[in-house]
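Visitor:
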Amino acid sequence: MTTTDLPPQPRLKRALGPTALVLFGLTYLAPVTVFTTYGIVTQSTDNHLPSAYVVALVAMLFTALSYGAMARAFPVSGSAYTYTQQTFGGHVGFLTGWTLMLDYLFLPMINFLLIGLYLNTQFPDIPGWVFALASLLLVLVFNVLGITLVNRLNVAIVALSVLLVVVFAVLAIKELLTNPSSETPSLIEPFLPGKGGLGPVFAGAAVLALSFLGFDAVSTLSEEAKNPKRDIPRAIVLTTLIGGAIFIVVSWLGALVYPDWRDFAEVDSAGVDLMAKVGGTFLTSFFVAVYVVGAFGSGMTTQVSVSRIIYSMGRDGVLPRIFGTLHTRFRTPWVAALAVSVVSLLALVLTLDQAATMISFGALAAFSMVNLSVIKHHLFPKGGRAAPSAGEWVRYGVLPAIGFVLTVWLWTSLTATTFIVGLSWMLVGVIYLAVLTRGFRRRPPTMDFSEKEELEEEAARAS
């Protein structure tokens with residue numbers, strides 16, 4: 028059965044231009060997350076956090092280019108699920124989408140957890156779960172009302188994050204000029220390997236790579252972009268570059284202004300120590316406020332992404348059809364958004380560490396499959412093709428192959444617990460797929476290409 032067997036469904040509204048797409052991706056990245064892992068990776072790299080960010084940015088750029096290539100080829104909602112489904116078939120597409128959901132389902136929950144934790148430090152008389160639940164319900168309402176409202180809030184959230192980064196940068200430079208210290212390293216020292224060599228830098232980069240998840244979230248909005256073939260690939264690369272630049276500059280200034288990283292009161296909250304060093308109580312309070320707002324925005328955009336992936340899979344019949352339902356008035360996947368919110372209720376009972384272990388496996392699996400999809404789709408398509416040119420071999424062969432190798436390398440940093448959770452999730456997916464296809468004897472439902480062609484024609488008219 029394909030989507031043509033269903034009654035006509037309302038289309039997702041094309042309301043997002045290139046600027047809105049980049050803002051969406053940057054909000055998903057949440058630029059202030061550089062402070063979340065600041066202490067941990069600064070400690071592990073011996074105050075060479077900027078070098079780890081450079082390595083992470085280079086590694087993720089290859090995968091970002093692969094996402095851009097596939098978003099141009101398949102300008103429909105679904106991200107890695109759609110790309111692998113059309114390239115490797117329904118079974119692989121389903122398992123990729125299923126694995127990716129492990130990442131997306133728990134990212135909103137982590138943001139709600141963070142909101143509860145940070146606000147509880149400012150208002151200790153109110154339990155953290157109250158803040159977490161309130162933010163969860165607000166995110167659900169905003170996303171059901173529509174992507175345009177989310178976009179408007181994204182502008183304010185990114186503006187606050189950028190303002191914080193600018194204020195921190197100005198005060199950090201002022202601190203370096205007015206209170207020079209003999210312990211301040213040279214300008215290039217933070218970008219060089221420490222006493223431990225490249226090993227700690229690469230290990231730190233593996234942790235930091237997950238800070239770049241925003242670029243793949245952009246690809247899920249292809250059906251809501253005004254000109255997806257042009258704007259989605261550009262927005263993916265720009266999101267990665269701008270986010271990486273912010274991370275590198277902030278971590279570089281931090282390494283210069285606070286070289287005594289061993290004096291952090293708490294490694295997990297080193298960002299607070301950094302803010303207090305350059306701006307005192309005011310900047311610290313401003314930082315906590317912006318961090319909470321950024322976490323809210325990230326929770327909102329992550330729920331948008333996963334709800335549209337679930338919507339895409341429900342529309343194709345891979346998940347129950349009810350998940351492919353759009354709200355008749357707001358034209359948003361409200362059933363899928365509600366399902367994500369139900370899962371996010373785990374934020375009321377799980378710890379941050381428990382939730383974090385459920386993310387890495389899905390993200391890296393999806394990255395790997397997208398890189399392979401570029402090679403398969405462009406160089407070895409169904410029915411064959413003419414001999415690729417040298418440029419095509421580089422663009423669609425060498426670059427995604429490097430992205431695949433780097434992504435697999437990042438997997439080596441995953442803990443045993445992460446693999447146990449990830450493989451268990453995949454096993455559940457395999458069992459569900461076996462039931463869906465009656466023991467793999469039937470092909471799983473796939474997207475009707477006539478709908479894809481209509482979307483491509485609509486995208487062409489928009490250009």
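Heads up: the sequence shown begins at 28 in the working numbering, then just goes up one per residue.
Backbone N, C-alpha and C define an ideal beta-carbon position, used for all residues, glycine too.
1) Looking at the structure shown, is residue 252 part of a helix, part of a strand, or coil, going by DSSP?
2) Taking the CB atoms as reference points, tell me whether residue 394 and residue 434 lie closer together than 8 angstroms.
3) Please go through the stretch 158-202 and give each complete alpha helix (DSSP H) segment of 4 or more residues, from N-terminal end onward.
4) For residue 488, count neighbouring Cβ atoms within 10 angstroms of its own Cβ and tell me buried if that reaches 16, exposed if not.
5) Which value, in whole angstroms, describes the spacing of the CA atoms of residue 367 and residue 201?
6) Write down the C-beta distance between residue 140 and residue 159 rounded to the nearest angstrom, noting that I regard them as a contact closer than 8 angstroms.
7) Alpha carbon to alpha carbon, how far is residue 275 from residue 173?
8) Output the distance between the C-alpha atoms of residue 470 and residue 464, rounded to the nearest integer angstrom.
9) If you run the structure through DSSP and keep just helix, strand and coil, what is residue 426?
10) Let's test the definition: count the other Cβ atoms within 10 Å of the Cβ of residue 113 and tell me whether it reaches 16, buried, or not, exposed.
11) Check residue 43 in the structure and name its three-state DSSP category.
12) How far does the alpha helix (DSSP H) with residue 390 in it extend, from its first residue to its last?
13) What residue does the alpha helix (DSSP H) around residue 354 start on, and which one ends it?
14) Pop quiz: residue 212 and residue 286 are said to be a contact at Cβ under 8 angstroms. What is the actual Cβ separation, rounded to whole angstroms?
15) I think residue 65 touches residue 318, with their Cβ atoms under 8 angstroms apart; what is that distance to the nearest whole Å?
16) Using a Cβ distance threshold of 8 angstroms, determine whether the stretch 188-200 contacts the stretch 336-353, with at least three qualifying pairs required.
17) With a cut-off of 8 angstroms, do at least 3 Cβ pairs link the stretch 282-302 to the stretch 90-103?
18) Ignore the nearest five residues each way along the sequence and tell me which others in residue 281's own chain have a CB closer than 6 angstroms to its CB.
19) Does any CB atom of chain D fall closer than 8 angstroms to the CB of residue 187?
20) Determine the direct distance from the alpha carbon of residue 210 to that of residue 41, and round the result to whole angstroms.
21) Go through its chain and collect everything with a Cβ distance to residue 122's Cβ below 6 angstroms, but skip five positions before and after it.
22) DSSP three-state call for residue 155: helix, strand or coil?
23) Assuming contact is defined by CB atoms lying nearer than 8 angstroms, are residue 57 and residue 324 in contact in what I supplied?
24) Where does residue 306 sit, in a helix, a strand or coil, going by DSSP?
25) Identify the continuous alpha helix (DSSP H) that holds residue 130 and give its terminal residues.
26) Does the Cβ-Cβ distance between residue 83 and residue 232 come in under 8 angstroms?
27) Rounded to the nearest angstrom, how far is the Cβ of residue 147 from that of residue 322, given a contact under 8 angstroms?
28) Check whether the stretch 408-427 and the stretch 66-82 are in contact - that is, three or more C-beta pairs closer than 8 angstroms.
29) Given this structure, state the Cα-to-Cα distance separating residue 331 from residue 230, to the nearest angstrom.
30) Compute the Euclidean distance between the alpha carbons of residue 460 and residue 192, then round it to the nearest angstrom.
31) Can you tell which of 228, 236, 265, 234 has its C-alpha closest to the C-alpha of residue 246?
32) Where do the N-terminal and C-terminal ends of the alpha helix (DSSP H) with residue 67 fall, by residue?
33) Helix, strand or coil: how does DSSP classify residue 270 here?
34) For residue 411, name the three-state secondary structure that DSSP assigns.
Guide: In this structure, then:
1) Residue mapping note: residue 252 aligns to position 225 of the sequence shown, counting from 1. Assignment of residue 252 by DSSP, reduced to helix, strand and coil, places it in the strand class.
2) Translated into positions along the sequence shown, residue 394 becomes position 367. Translated into positions along the sequence shown, residue 434 becomes position 407. Yes. Within cutoff.
3) The qualifying runs do not exist here; there are none.
4) Within the sequence shown, the letter at position 461 stands for residue 488. With a pLDDT of only 43 at residue 488, under 50, the local geometry of the prediction cannot be trusted, and the value read off the model is given with reservation. Residue 488 should be labelled exposed.
5) Reading the sequence shown from its first residue, position 340 is the one you call residue 367. Reading the sequence shown from its first residue, position 174 is the one you call residue 201. Across the structure, residue 367 and residue 201 are spaced so that their CA atoms are roughly 45 angstroms apart.
6) Position 113 of the sequence shown holds residue 140. Position 132 of the sequence shown holds residue 159. Yes, they are in contact, since the Cβ atoms of residue 140 and residue 159 sit about 6 angstroms apart, within 8 angstroms.
7) As a working mapping, residue 275 is identified with position 248 in the sequence shown. As a working mapping, residue 173 is identified with position 146 in the sequence shown. Cα-Cα distance, rounded: 34 angstroms.
8) Here the question's residue 470 lines up with position 443 in the sequence shown. Here the question's residue 464 lines up with position 437 in the sequence shown. Approximately 6 angstroms between the Cα atoms of the pair.
9) Within the sequence shown, residue 426 is the residue found at index 399, counting from 1. In the structure shown, residue 426 sits in a helix (DSSP, three-state: H, G or I).
10) As a working note, residue 113 is residue 86 in the sequence shown. Result: buried.
11) Numbered from its first residue, the sequence shown carries residue 43 at position 16. Strand at residue 43.
12) As a working mapping, residue 390 is identified with position 363 in the sequence shown. Per DSSP, the unbroken alpha helix (DSSP H) holding residue 390 starts and ends at 387-406.
13) Sequence index remark: in the sequence shown, residue 354 carries index 327 (1-based). In the DSSP assignment, residue 354 falls outside any alpha helix (DSSP H), carrying neither H nor E.
14) Taking the first residue of the sequence shown as 1, we reach residue 212 at position 185. Taking the first residue of the sequence shown as 1, we reach residue 286 at position 259. The Cβ separation is near 6 angstroms, so the contact holds.
15) Taking the first residue of the sequence shown as position 1, residue 65 is located at position 38. Taking the first residue of the sequence shown as position 1, residue 318 is located at position 291. In fact, because the Cβ distance is near 12 angstroms, the residues do not count as touching under 8 angstroms.
16) No, the stretch 188-200 is not in contact with the stretch 336-353.
17) Output reads no: the stretch 90-103 does not touch the stretch 282-302.
18) Walking along the sequence shown from the start, residue 281 turns up at place 254. Within the same chain, and ignoring the five residues on either side of residue 281 in sequence, the residues whose Cβ sits closer than 6 angstroms to its Cβ are 301.
19) Considering every chain present, this structure includes no chain D. It has just one protein chain.
20) On the sequence shown, residue 41 is found 14 positions in, with the first residue counted as 1. On the sequence shown, residue 210 is found 183 positions in, with the first residue counted as 1. Across the structure, residue 41 and residue 210 are spaced so that their CA atoms are roughly 54 angstroms apart.
21) Looking up residue 122 in the sequence shown gives position 95. Counting only Cβ-Cβ distances below 6 angstroms, and skipping sequence neighbours, we find 456.
22) For this step, residue 155 is matched to residue 128 along the sequence shown. Helix, per DSSP.
23) Your numbering for residue 57 matches position 30 in the sequence shown. Your numbering for residue 324 matches position 297 in the sequence shown. With contacts defined by Cβ atoms closer than 8 angstroms, residue 57 and residue 324 form a contacting pair.
24) Residue numbering aside, residue 306 sits at position 279 when the sequence shown is read from its first letter. Three-state result, residue 306: helix.
25) Translated into positions along the sequence shown, residue 130 becomes position 103. Taken as a continuous stretch (DSSP letters only), the alpha helix (DSSP H) holding residue 130 covers 117-149.
26) Your numbering for residue 83 matches position 56 in the sequence shown. Your numbering for residue 232 matches position 205 in the sequence shown. The answer is yes: Cβ separation under 8 angstroms.
27) Counting from one through the sequence shown, the residue named residue 147 turns up at place 120. Counting from one through the sequence shown, the residue named residue 322 turns up at place 295. Not quite, the Cβ-Cβ distance comes to about 13 angstroms (not below 8 angstroms), so this is no contact.
28) Flag = no, the stretch 408-427 and the stretch 66-82 do not touch.
29) The residue you call residue 331 lines up with position 304 of the sequence shown. The residue you call residue 230 lines up with position 203 of the sequence shown. When rounded, the distance between both Cα atoms is 31 angstroms.
30) On the sequence shown, residue 460 is found 433 positions in, with the first residue counted as 1. On the sequence shown, residue 192 is found 165 positions in, with the first residue counted as 1. If you draw a straight line from the Cα of residue 460 to the Cα of residue 192, it is about 46 angstroms long.
31) Here residue 246 refers to the residue found at position 219 when the sequence shown is read from its first residue. Among 228, 236, 265, 234, the Cα nearest to that of residue 246 is on 265.
32) Numbered from 1 along the sequence shown, position 40 holds the residue referred to as residue 67. Residue 67 -> alpha helix (DSSP H) spans 65-71.
33) Working through the sequence shown from its first residue, we reach residue 270 at position 243. Looking at residue 270 - three-state DSSP - the assignment turns out to be helix.
34) Start at 1 with the first residue of the sequence shown, and residue 411 comes out as number 384. Residue state, collapsed to three classes: coil.
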